[in-house]
Amino acid sequence: MKCGYCDFNAYAGLDGLKRSYRDALLAEIAGRRNDLSRHTVTSIAFGGGTPGEQPAEDLIAVIDAIRDCTGIASDAEISIEV
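The sequence shown runs 1 to 82 under our numbering.
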């Protein structure tokens, strides 16, 4: 669904790409493991392109992957653009 006020391009029928996108994010996180392991994450923001359309389990997988690579602060802010 596209918001009436949105000027951005929108494409239908691309739900099949959601899993590939998640897999790409997980690969990117894994590839940055050495860099990430030196830091504690204080904020995770899912934004742009209506990330709320991504299945919740995919977002959880991304958060878990970040947690596996580095510490997430107990008071970290995790937000999602809707």
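No residue lacks a Cβ here, since even glycine has one placed at the ideal position from N, Cα and C. Here the structure is a predicted model, which is why all the values come from computation and not from measurement.
Considering residue i, what are the terminal residues of the alpha helix (DSSP H) in which it resides?
i          : result
residue 52 : From DSSP, residue 52 is part of no alpha helix (DSSP H); its letter is neither H nor E.
residue 34 : 33–36
How many angstroms separate the CA atom of residue i from the CA atom of residue j?
i          : j          : result
residue 73 : residue 67 : 10 Å
residue 31 : residue 65 : 11 Å
residue 19 : residue 59 : 11 Å
residue 9  : residue 45 : 22 Å
residue 6  : residue 38 : 39 Å
Closest to residue i by CA distance: which of the options is it?
i          : options           : result
residue 75 : 47, 16, 41 and 21 : 41
residue 81 : 71, 49 and 13     : 49
With DSSP as the reference, identify every bridge partner of residue i, one or two as the case may be.
i          : result
residue 82 : Answer by DSSP bridge pairing: none, since residue 82 is not bridged.
residue 41 : 72
Please look up how many angstroms separate the CB atoms of residue i and residue j, rounded, as I've assumed it's under 8 Å.
i          : j          : result
residue 62 : residue 17 : About 16 Å; that fails the 8 Å criterion.
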